[in-house]
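Chains A and B supply the protein sequences, listed in that same order. For the first sequence, this note's numbering gives the first residue as 3, with consecutive numbering after it. For the second sequence, this note's numbering gives the first residue as 70, with consecutive numbering after it. Ideal Cβ placement from N, Cα and C applies to all residues, glycine included. Fair warning: this is a prediction, and the values are worked out from it, not measured in the lab. Shown next, in structure tokens, is the structure this report addresses.
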Amino acid sequence: YTLQGQKWHHVNLTWSLRTRRLDKVDHGWVRSDLNRAFQVWSKYSKLTFREVNSESADILVFFEKGYHGDGYPFDGPGQVLAHAFFPGTGRGGDAHFDEEEEWLVADKTSKDGTSLFRVAVHEFGHSLGLSHSSVQDALMFPWYQDLQSDFELPNDDRIGIQVLYGAKDDKSWGDIPVYRPTSQKPILSTTVPATTAVTRYSTMASDTTPEYTTSRTTPPRRPDVAVVVDEKPDFCNTSFDAVSIIRKETFFFKGKYTWRLGTKGLYAGYPALISRLWYNLPENMTQVDAVYERQDGKIVFFIGRNYYVFDGNNPLPGYPKPLTTLGLPDELDHVDAAVVWGHNSKTYIFSGTMYWRCDDETNQMELDYPRDMSIWRGVGYNIDAAFQWHDGATYFFKNRDFWKFNDLRMRVEQEEPRSIGEFWFNCTATRSGGGNGDR
Amino acid sequence: RRRTESTPIYDDVHGYLMKFGYLPESDLETGNLRDGNQLQDALRTLQTFGNIPVTGKMDAATKELMKKPRCGVPDLSPAAGQRRTKR
């Protein structure tokens, strides 16, 4: 057996089936099979499982198909049947089943159907902290094997789950460090309206934001982003909305303002209003999301669900256009960053936990994107900005810090981010904060 | 002795080995050229995990294994925190 990541700090876990689109199989039977699958684990450990009708349950079960926003798209009938996330906040513990499989419930058998109970027992092993095992008859063996529903949990899995949560009857708790979420999840009563929506794009274990937002129409913004409408932001003490090289100079964008850095540092007279340099941007614009200079010299601004293309200071006719005209999905409501990546001179677009690659010939996103941002190791999710500087390196920005990225090793050069103010604006640590950041 | 035929390794095999953790996914973007050893090692690891003869080659048993329905979680994860306990 293999243990991965952390484990739950409590043993009385809750679970909830969160999908309404189950037209092929009976909802009741699905819940019954899922419940039986949980019981397999509770039978041999201290764990107990209680079904609730709430988005705040520890383990949420979904039936999804194709791309469903977690970086692991399903592939239709066959090969990948389901996947699950190891214990943690946000989507930690959740299990996703490929809706397009031929699921068999209530011990029905058929040659080319797949037993939901069998797959669920395996996926819930991941939800509890077990990874794949190479033991052929283990439940956590990665390839599907049929099992009778009254089977006994194989040794390999039984030992694994008891190391994590202790056997049903023994007093010891196991010696693995216990995961403690920063806040105790409120367990809502079952009267929670079923229509409560959840947006999870920006929740991360280290975020200080509340774990769930309940409104899809106003997705959460980064907690440290103070809405700065008229005051000039203090560049020694702020995050930035976008950073880009334009005409060989480095531009930082925050709120309505932009700072321009040349070879000798910050130009006098900056920050300036963005609208002074680029004309006819929306009047009510409070910030830009991302900016980059295309390889043909045009400058692209991403603002909300639209993007503008400028030739120098002037917008090209026919803009703004919606992000969907680039082939981005229509549920995308903002872009975090856009960069022409020095390593292959391709254009990359980042948003939330995903990123896309743009075919500069067709101005469309390439087919086998989006992909999960974890490939850009060390950068995390929901970045603020990214750009390629004169030194040919790629830089990622988040909150008030940034990372230099090693393109060949596909990871940040140093895990510890550095301060934007200190490196880019020569702020000394003592002078940060107050005023508009005089040096 | 008759030389065994070597079968070419196609993209979908690369994709499978990356998707399930046998090859580093970071090569998706950098497209670093792999050397034969890296690929053979990956196949060997997959064959060991799948309890089929370990040949390091794309043989019939390996093709069969790759066709089987399975869980989408990678078998080997470079993430910190994965501990394999000796039995």
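Counting only beta-carbon atoms, is residue i nearer than 8 Å to chain B?
i: Q138 of chain A; result: yes
i: Q416 of chain A; result: no
i: F304 of chain A; result: no
i: M367 of chain A; result: no
i: H85 of chain A; result: yes
i: I422 of chain A; result: no
i: W10 of chain A; result: no
i: Y371 of chain A; result: no
i: H70 of chain A; result: no
i: I163 of chain A; result: no
i: Y74 of chain A; result: yes
i: H392 of chain A; result: no
Given that residue i touches chain B, what residues does it touch there, using C-beta distances under 7 Å?
i: V123 of chain A; result: Within chain B, no residue comes near V123 of chain A; the closest Cβ sits about 11 Å away, beyond 7 Å.
i: T116 of chain A; result: P138
i: G80 of chain A; result: P138
Name the chain A residues that come within less than 7 Å of residue i, Cβ to Cβ?
i: K137 of chain B; result: W145, Y146
Nearest to residue i by alpha carbon, out of the options?
i: E251 of chain A; options: A:Y294, A:V42, A:S135; result: A:Y294
i: V137 of chain A; options: A:F64, A:L83, A:W145; result: A:W145
i: L5 of chain A; options: A:D60, A:I161, A:G30, A:R52; result: A:I161
i: R307 of chain A; options: A:P319, A:K323, A:N316; result: A:K323
i: E333 of chain A; options: A:W17, A:R402, A:W31, A:Y69; result: A:Y69
i: D60 of chain A; options: A:K67, A:L49, A:T91, A:F76; result: A:T91
i: E125 of chain A; options: A:L410, A:V63, A:T50; result: A:V63
i: V123 of chain A; options: A:Y371, A:Y3, A:W280, A:V42; result: A:V42
i: G7 of chain A; options: A:K258, A:R38, A:L132; result: A:L132
i: D460 of chain A; options: A:M142, A:A97, A:N157, A:W31; result: Nothing can be reported for residue 460 of chain A: it is not among the residues displayed for chain A, which extend from 3 to 441.
i: R411 of chain A; options: A:D403, A:R379, A:R420, A:Q390; result: A:R379
i: P331 of chain A; options: A:F352, A:H345, A:V341; result: A:F352
i: F40 of chain A; options: A:H345, A:G95, A:E57; result: A:G95
i: Q416 of chain A; options: A:W426, A:W405, A:E424; result: A:W405
i: D236 of chain A; options: A:I248, A:K258, A:S112, A:W10; result: A:K258
i: I163 of chain A; options: A:G127, A:H134, A:E154; result: A:G127
Chain B partners of residue i, CB-CB under 9 Å?
i: H128 of chain A; result: C140, V142
i: H336 of chain A; result: By Cβ distance, chain B contributes nothing, its closest Cβ being about 23 Å from H336 of chain A, past 9 Å.
Taking CB distances under 8 Å as the criterion, tell me whether residue i reaches chain A.
i: T131 of chain B; result: no
i: T124 of chain B; result: no
i: D81 of chain B; result: no
i: G119 of chain B; result: yes
I believe residue i touches residue j by the beta-carbon criterion, under 8 Å. Please report the beta-carbon distance rounded to the nearest angstrom.
i: D338 of chain A; j: A292 of chain A; result: 6 Å
i: K256 of chain A; j: T240 of chain A; result: 6 Å
i: I377 of chain A; j: K400 of chain A; result: I377 of chain A to K400 of chain A, Cβ: 16 Å. No contact.
i: D35 of chain A; j: V107 of chain A; result: 5 Å
i: E102 of chain A; j: P79 of chain A; result: 5 Å
i: A84 of chain A; j: G119 of chain B; result: With a Cβ gap of about 19 Å, A84 of chain A and G119 of chain B do not count as contacting.
i: A140 of chain A; j: D158 of chain A; result: 4 Å
Based on the DSSP secondary-structure assignment, which residues constitute the bridge partners of residue i?
i: Y309 of chain A; result: A:F304, A:K323
i: T396 of chain A; result: A:Q390, A:F407
i: L141 of chain A; result: Beta-bridge pairing links L141 of chain A to no other residue.
i: S18 of chain A; result: A:L62
i: Q366 of chain A; result: A:D361
i: H98 of chain A; result: A:F64, A:H85
i: I276 of chain A; result: DSSP output for I276 of chain A lists no bridge partner at all.
i: P317 of chain A; result: A:F312
i: C140 of chain B; result: A:A84
i: G264 of chain A; result: A:G267
i: D374 of chain A; result: A:M356
i: T33 of chain A; result: The displayed chain sequence assigns Arg, not Thr, to residue 33 of chain A. DSSP lists no partner for R33 of chain A.
Residue i touches chain B at which residues, Cβ-Cβ below 8 Å?
i: H29 of chain A; result: Under the 8 Å cutoff, chain B gives no residues; its nearest Cβ is about 23 Å from H29 of chain A.
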